[in-house]
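According to the numbering used here, the stretch in the sequence shown is residues 5 to 114, in order.
For reference, the structure is listed below as C-alpha cells.
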Amino acid sequence: MGNIILTSDDFGLSKIYNREILMAIESDLLSSVSVMVNGHIVKQQNQVDSLVALAKEKNISLGLHLEISTNEKDIKTLCVNQWDKFVAIVGVKPDYIDIHKDHLFTEHYN
Numbered sequence: 005m006g007n008i009i010l011t012s013d014d015f016g017l018s019k020i021y022n023r024e025i026l027m028a029i030e031s032d033l034l035s036s037v038s039v040m041v042n043g044h045i046v047k048q049q050n051q052v053d054s055l056v057a058l059a060k061e062k063n064i065s066l067g068l069h070l071e072i073s074t075n076e077k078d079i080k081t082l083c084v085n086q087w088d089k090f091v092a093i094v095g096v097k098p099d100y101i102d103i104h105k106d107h108l109f110t111e112h113y114n
C-alpha cells in the first residue's frame, strides 16, 4: 500500500487559517502545505517563519498555491511572479505547485 499525502492549502489567506494549519502540522496531521503568496502573506511573516521551521522539523512539503483568475492573459508571467514571491517570502523553492480553485479555470488548459 502506498503513502497517503494529506495537504492543506490556502496558507497565507489569513492569520486564522495559518494558525489552524500550523496546529495541524504540530499534531502530525499533514504531509504538505500549499502557500498563497498574493495578498496579506507579507504581514504574516512570523507565521511563515513558523511554517518553514515546522516543515523542516516534521519533513513537510511546501508548495506554491497559484492564484489564477479567469481574465489572466499571461499565465507564464503570473506563474513566474508567484514562484519568485514564494522563494522571497518562504526562503526555499516550492516542492510542488497546485492551483487555487483550479476546477473553475478549465479554459486555461485548452
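Using N, Cα and C, we set each Cβ at its ideal position, and we do this for glycine too.
In terms of residues, what are the limits of the alpha helix (DSSP H) holding residue i?
i     : result
Val91 : 79-94
Asn3  : Residue 3 is absent from the model: the chain starts at 5 and stops at 114.
Got a sec, what are the start and stop residues for the beta strand (DSSP E) residue i sits in?
i      : result
Asp14  : 11-15
Asp102 : 100-103
Grouping DSSP H, G and I as helix and E and B as strand, with all else coil, what is residue i?
i      : result
His112 : Here His112 scores only 48 on pLDDT, less than 50, and its place in the model is too uncertain to base an answer on.
Ser36  : strand
Ser18  : coil
Val41  : coil
Ile29  : helix
Arg23  : helix
List the DSSP bridge partners of residue i.
i     : result
His69 : Asp102
Hey, residue i and residue j are a contact pair by Cβ (cut 8 angstroms); roughly how many whole angstroms apart?
i     : j     : result
Ile29 : Leu58 : 5 angstroms
Leu68 : Trp87 : 6 angstroms
Ser54 : Leu26 : 6 angstroms
For this session: State whether the region 7-20 contacts the region 37-44, with contact taken as three or more CB pairs (one from each stretch) at a distance under 8 angstroms.
Result: yes
Exercise. Do the region 42-52 and the region 81-98 meet, that is, are 3 or more Cβ pairs less than 8 angstroms apart?
Worked result: yes
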